[in-house]
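Structure, as structure tokens:
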Amino acid sequence: MIGLLKVLFILVVFVPLTLFTIISPMNAHDQYIFGLVMIGCVVVANHASKKHFVSMMMILVSVVMSTRYMYFRTTQTLEFHSWIELILGWVLFLAEIYVYIILLLSSFQMSWSLRRPVVPMPDDVSTWPTVDVYIPTYNEPLQIVADTVLAAQCLEYPKDKLNIYILDDGRRKEFAAFATEAGVGYITRTDNAHAKAGNLNHAMTMTNGELITVFDCDFICTKIFLQATVGALIKDPKLALIQTPHHFYTPDPIERNLYLGRDIPSEGELFYGPVQRGNDNWNATFFCGSCAVIRRAALDETNGFAVETVTEDAHTALRLQRKGWKTAYLDKVLAGGLATERTILHVIQRNRWARGMIQIFRLDNPLFGRGLSFPQRLCYLSAMMYFFVAIPTVIFMILPLVYLYFGLSVVHGSAALLFAYAMPHLFFSLYVSSRITGRYRYSFWGMIYDILLSFHLVIPTLVVFFSPHKGKFNVTDKGGTIDKAYFDAHAVKPHLFAAFFMLFGIIFGAVKYFLPQYFEVQLSATVLNICWATFNLILITAAICVARETPNKRQRQRLSLESPVLVYQASGIVSRSTLRDLSMTGCRIDNVINGDLDLDEDPITDLEITTEHGTFCVPVNNVGKRDDYLRFSFTEVSVNTHREIVRLLFSRADTWERPMHKPDNILVSFFTVLACIHDSLMHNRHKERQDIKKVEDQSLDLEKFEQQLENIGEDRKEA
Amino acid sequence: MPVISVCSPKGGVGKTTLTSNLAYTFARAGTKVITIDFDPQNALRLYFGIPLSEEGGFIEKIESNGDWTTAALNVGKNLYMLPFGHSTQEDRLKLDSLLMQPNYFKDYQAALFCNPDVLVIADFPPGFSQALKAMADVTDVSVIPLLADAASIALFSQIENEELLEGPFNNGSGYFVVLNEVDNRIKINREIQEFAASNFGDRLLGMIHTDTSVIEAAAQQQAISDFNRNSSAGFDIEIIARKLATILGFDVKQDTIVMQRNPNQKR
Ligand SMILES: Nc1ncnc2c1ncn2[C@@H]1O[C@H](COP(=O)(O)OP(=O)(O)O)[C@@H](O)[C@H]1O
Ligand SMILES: [Mg+2]
Numbered sequence: 092m093i094g095l096l097k098v099l100f101i102l103v104v105f106v107p108l109t110l111f112t113i114i115s116p117m118n119a120h121d122q123y124i125f126g127l128v129m130i131g132c133v134v135v136a137n138h139a140s141k142k143h144f145v146s147m148m149m150i151l152v153s154v155v156m157s158t159r160y161m162y163f164r165t166t167q168t169l170e171f172h173s174w175i176e177l178i179l180g181w182v183l184f185l186a187e188i189y190v191y192i193i194l195l196l197s198s199f200q201m202s203w204s205l206r207r208p209v210v211p212m213p214d215d216v217s218t219w220p221t222v223d224v225y226i227p228t229y230n231e232p233l234q235i236v237a238d239t240v241l242a243a244q245c246l247e248y249p250k251d252k253l254n255i256y257i258l259d260d261g262r263r264k265e266f267a268a269f270a271t272e273a274g275v276g277y278i279t280r281t282d283n284a285h286a287k288a289g290n291l292n293h294a295m296t297m298t299n300g301e302l303i304t305v306f307d308c309d310f311i312c313t314k315i316f317l318q319a320t321v322g323a324l325i326k327d328p329k330l331a332l333i334q335t336p337h338h339f340y341t342p343d344p345i346e347r348n349l350y351l352g353r354d355i356p357s358e359g360e361l362f363y364g365p366v367q368r369g370n371d372n373w374n375a376t377f378f379c380g381s382c383a384v385i386r387r388a389a390l391d392e393t394n395g396f397a398v399e400t401v402t403e404d405a406h407t408a409l410r411l412q413r414k415g416w417k418t419a420y421l422d423k424v425l426a427g428g429l430a431t432e433r434t435i436l437h438v439i440q441r442n443r444w445a446r447g448m449i450q451i452f453r454l455d456n457p458l459f460g461r462g463l464s465f466p467q468r469l470c471y472l473s474a475m476m477y478f479f480v481a482i483p484t485v486i487f488m489i490l491p492l493v494y495l496y497f498g499l500s501v502v503h504g505s506a507a508l509l510f511a512y513a514m515p516h517l518f519f520s521l522y523v524s525s526r527i528t529g530r531y532r533y534s535f536w537g538m539i540y541d542i543l544l545s546f547h548l549v550i551p552t553l554v555v556f557f558s559p560h561k562g563k564f565n566v567t568d569k570g571g572t573i574d575k576a577y578f579d580a581h582a583v584k585p586h587l588f589a590a591f592f593m594l595f596g597i598i599f600g601a602v603k604y605f606l607p608q609y610f611e612v613q614l615s616a617t618v619l620n621i622c623w624a625t626f627n628l629i630l631i632t633a634a635i636c637v638a639r640e641t642p643n644k645r646q647r648q649r650l651s652l653e654s655p656v657l658v659y660q661a662s663g664i665v666s667r668s669t670l671r672d673l674s675m676t677g678c679r680i681d682n683v684i685n686g687d688l689d690l691d692e693d694p695i696t697d698l699e700i701t702t703e704h705g706t707f708c709v710p711v712n713n714v715g716k717r718d719d720y721l722r723f724s725f726t727e728v729s730v731n732t733h734r735e736i737v738r739l740l741f742s743r744a745d746t747w748e749r750p751m752h753k754p755d756n757i758l759v760s761f762f763t764v765l766a767c768i769h770d771s772l773m774h775n776r777h778k779e780r781q782d783i784k785k786v787e788d789q790s791l792d793l794e795k796f797e798q799q800l801e802n803i804g805e806d807r808k809e810a
Numbered sequence: 060m061p062v063i064s065v066c067s068p069k070g071g072v073g074k075t076t077l078t079s080n081l082a083y084t085f086a087r088a089g090t091k092v093i094t095i096d097f098d099p100q101n102a103l104r105l106y107f108g109i110p111l112s113e114e115g116g117f118i119e120k121i122e123s124n125g126d127w128t129t130a131a132l133n134v135g136k137n138l139y140m141l142p143f144g145h146s147t148q149e150d151r152l153k154l155d156s157l158l159m160q161p162n163y164f165k166d167y168q169a170a171l172f173c174n175p176d177v178l179v180i181a182d183f184p185p186g187f188s189q190a191l192k193a194m195a196d197v198t199d200v201s202v203i204p205l206l207a208d209a210a211s212i213a214l215f216s217q218i219e220n221e222e223l224l225e226g227p228f229n230n231g232s233g234y235f236v237v238l239n240e241v242d243n244r245i246k247i248n249r250e251i252q253e254f255a256a257s258n259f260g261d262r263l264l265g266m267i268h269t270d271t272s273v274i275e276a277a278a279q280q281q282a283i284s285d286f287n288r289n290s291s292a293g294f295d296i297e298i299i300a301r302k303l304a305t306i307l308g309f310d311v312k313q314d315t316i317v318m319q320r321n322p323n324q325k326r
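In order, the protein sequence lines correspond to chains A and B. If you count by the working numbering, then the first sequence holds residues 92 to 810, one letter each, in order. If you count by the working numbering, then the second sequence holds residues 60 to 326, one letter each, in order.
As structure tokens, this is what we get:
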């Protein structure tokens, strides 16, 4: 009965009302008032309640107002005076349609979000499935892969049910030797066909665990990774995959070069928060290539990992789902990896993602084919469509210039009317996403990410779209260091050109505006385009700042802790102290050495560190001495010691837990963007941060010291 | 009267070191302690700052079969020591024949062994001795230091079979092993630790690191912790002292190390 009433209500009241709202024409003044009233209502509602229902209503209003705008654009603005205006007008219109479709899809994707709990493991350990951990690597240094392998060995899982394998596509001797020393499997092959997917598929023929866990070679897992994920696969035999977030514990180029230490959500947090949780609600979680557990039986049905595209992960998930397997997303950070180090590498990585997703869009389009539910199709489509974003982004960047330079008008009608319609459309898309996803991405930053990539991706996007069989897998370099600040102009060359033209366009527009007697212009349209271009210029400047690479001397995870440590002196005197912090390369302890025990005469040779898990000794060099602290660097780290350090640094269940970000505030976010640009251009924030670090870290640090020596040496060479 | 006997089948394993430093630890924590040296070498006194020239000891009381307490020396706050004294072969034979009597300590040295407020820690010569056997009747806990070296492994079964006394250790809490001179930098040493842990289980009371502070402190006739307040061996012995205190039913406080006897406890 109630159901029937609902349907009746929707048919008789809601649908006609919505349609009426969308299509009623208004003049500029009325539309302006209408827009403001709607904005007022939504702002009040937003402050009044944080309930999901209110969010849904806000999404609805936003979609209706945007649809109204698109209807207006379609019916009233597509009249042009020349063929060039016609082409450019349609280019802009198509770009707007794209944005509108993405808005609809992502509204759907993020409206219902699933917060999946951890399914506990059964008490009877004998029922736990066997697990193969795959760590694929191609050209990454052993130093990075070793941490990952050793952390995997710290996983809390029955020893006889856990097998760890390094899948080395680089066929490197030192990797084989390390695998033997650490006590893990080493698998390699004679060719590198199909890159990572081929590597994984080859390993599948060599091992036989019931579950397969993939860690990209820089992802260091916590000890509870398997116990938090495998339970779900035991409970639901139709579940093929459980994915966990990719968390990066080093700053990506944008964080490092542009955020400059500010608390701003990093790029991935939106996807690994609301987006994947939304996908999960529709049983449409994607595989992301790493930090996931997959059922072998399911992969057997799809002939292993998909090899047809360069993003094997998303494609594999799609194929599993076409076969009726379920996928799940556990929003709990259980592993941490290395972000790409430099802007140019970031661009290269995203280039691959975009090409791969567009390949899938062309070769195995989720809208068509068997086996998917309608919501699943929409979720996959949303992900793939997103990667076309480069083209509309460039269009929006360039089009105001067409008016400012050439006076070409690409939208028919008065600027006042256009503004009256566009204003609520733009406002709502900002305002509503600020409410729904504001803790995961602050306003305007998404545009900056897109702009940074857009100019580079236009051509690859088009090429792959038209010939989807092209495309090679490239490995993202990680773990590098940048010693000196420099501007990587190459990475943002097109942006620099665009910014230059924007600046002149704005100046030119301003001249036209103030000297209307010499130019034939529509004043309000000029103002509108100057504002638009200025906004673009701000965002593109932010993107350009990302290419100002700031130094990231060696990344070191340093953990503050308090555990007993024994200090061995050369004379054999052994004293007890407290360990205060620990990193891969050294540590700091309380200075407990008796005043009369001279460290120069009787140096400290070893430390014995005791943890919950046991005791290990490590030979050290004393590299810093203060009244209260002693600092050491490790001179020789055996594999066993290395594993214990990894266990301490990374393996704790809460290693990667971080507090939530503050909610977004659109205005604050805009000024933050300006402040970031200012600081980046002026270099000052960075310096300040370094100074603070210096104060914190006054005691001499061997590594830094060596680095300085190196730098001095290089400077000399240059001179 | 709680009594701890420190004995071992072998010499040079740290008996005297452990005896003296346990005594220092207990005394500092507020427990009255008297150490008795049953080793004719008469070396324990050197750990308490008694000059080499002072050679008195309970052996002088053998002739008269008198009260030994009169030979005891006060060597610090809460801290007393009863040296063996300078002895001849004849003295030692006479001592053994005295100790041959059943219940010698209870019957004749009641002043020493019936004072409930004083903890007795007795140090013995290596291997079997008549004193060790006689003390078994009054001993609450026997502590057996062993070195963490390969040779000790041969002794493990001997200790488990309680061969040291040629009979069960005592009627108190039995025996506990302390592994001395452990060094985690050495692989074989670590393996012996693991073996001892699995072999003795709860009977392994603790481990003491190899620490030159021990030798330096002995040379200066000091407690280890006075020589190096952060000494690792000193800390290890303190842990052992706390465990012993718990076994003896003392009132052990977490932070303050008060090891006085629990006043409510009647033994
Ligand atoms: N943990 C230790 N670290 C370093 N030296 C020790 C340690 N324990 C004992 N020693 C040294 O070993 C030697 C023998 O110790 P001692 O206590 O006299 O043994 P015992 O009484 O069993 O013969 C002494 O020189 C002592 O200083
Ligand atoms: Mg001795």
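C-beta: ideal position from N, C-alpha, C; glycine also.
Give the straight-line distance between the Cα atoms of B/Q160 and B/V241, rounded to the nearest whole angstrom.
40 Å
Name, please, each residue of chain B whose Cβ falls closer than 7 Å to the Cβ of A/V683.
N289
Let me make sure I understand the geometry here. Which of B/F183, B/R87, B/L158 and B/L138 has the alpha-carbon closest to that of B/G71?
B/F183
Does the distance from the CB of B/L141 to the CB of B/I93 come in under 8 Å?
yes
Selected residue, minimal CA-CA separation from A/T341, among A/V554, A/V555 and A/T431
A/T431
Contact list for the stretch 266–279 of chain B against chain A, Cβ threshold 9 Å
H268, T269, D270, T271, S272, I274 and E275
Can you give me the C-alpha to C-alpha distance between B/G260 and B/I298, rounded to a whole angstrom?
17 Å
Using a Cβ cut-off of 8 Å (strictly closer), state whether B/N137 contacts chain A.
no
Where A/V236 and A/L390 are concerned, what is the direct C-alpha to C-alpha distance, given to the nearest angstrom?
25 Å
For the stretch 190–207 of chain A and the stretch 298–314 of chain A, state whether three or more C-beta atom pairs, one from each stretch, are separated by less than 8 Å.
no
Among the residues of its own chain, which have a CB less than 8 Å from the CB of A/E399, if the five just before and after it don't count?
H406, Q450, L454 and D455
Measure the Cβ-Cβ separation of B/L191 and B/L205 and say whether it is below 8 Å.
no
Boundaries (first-last residue) of the beta strand (DSSP E) holding A/V656
L650 to Q660
A/N442 beta carbon less than 8 Å from that of A/L548:
yes
Nearer than 7 Å: is that true of the beta carbon of B/S67 relative to any heavy atom of ligand 1?
yes
Using 7 Å as the cut-off, classify the Cβ of B/K136 as near or not near the heavy atoms of ligand 2, replying yes or no.
no
Sub-8 Å separation of A/E156 and A/H516 beta-carbons
Reading off the sequence shown, one finds Met at residue 156 of chain A, where the question assumed Glu. A contact, by the Cβ cut-off of 8 Å.
Short CB-CB distance (under 8 Å) between B/A292 and chain A
yes
To which residues does DSSP link B/T94 through a beta bridge?
B/M140 and B/I180
Limits of the unbroken alpha helix (DSSP H) element including A/G126:
A119 to A139
Only counting the same chain, and skipping five residues up and downstream in sequence, which positions put a Cβ closer than 8 Å to that of B/C36?
Because residue 36 of chain B is not part of the residues shown, which for chain B are 60 to 326, the question remains open.
Contact with chain B by A/G274, beta-carbon distance below 8 Å:
no
Can you list, in chain order, the residues of its chain with a C-beta nearer than 6 Å to that of A/E787? Leave out the 5 residues immediately preceding and following it.
Low per-residue confidence applies at A/E787: pLDDT is 39, beneath 50, and the placement is therefore not dependable enough to give any value.
Would you kindly check if the distance between the Cβ of A/L544 and the Cβ of A/M593 is under 8 Å?
no
Does the beta-carbon of A/A237, which I'm using as the reference point, lie nearer than 7 Å to any heavy atom of ligand 2?
no
Could you check if B/I274 belongs to the surroundings of ligand 1, using beta carbon to heavy atom distance under 7 Å?
yes
If I measure Cβ to Cβ from A/L872 and keep anything under 8 Å in the same chain, skipping five residues before and after, which residues do I get?
Because residue 872 of chain A is not part of the residues shown, which for chain A are 92 to 810, the question remains open.
I'd like to know if the stretch 220–236 of chain A and the stretch 246–262 of chain A are in contact, where contact means that at least 3 CB-CB pairs between them fall below 8 Å.
yes
Please state whether the Cβ-Cβ distance between A/A383 and A/I311 is less than 8 Å.
no
Would you list, in chain order, the members of the stretch 706–730 of chain A that have their beta-carbon closer than 8 Å to a beta-carbon of chain B?
T706, F707 and C708
Please state whether DSSP places A/A331 in a helix, a strand or coil.
strand
Along the chain, where does the alpha helix (DSSP H) containing A/F100 start, and where does it finish?
I93 to F100
Strictly below 7 Å CB to CB, what residues from chain B border A/L673?
Ordered by position in chain B, no residue passes the 7 Å Cβ test against A/L673, which lies about 17 Å from the chain.
Does DSSP put B/S79 in a helix, a strand or coil?
helix
By a C-beta neighbour count over all protein chains shown, 10 Å radius and 16 as the cutoff for buried, is A/Y496 buried or exposed?
exposed
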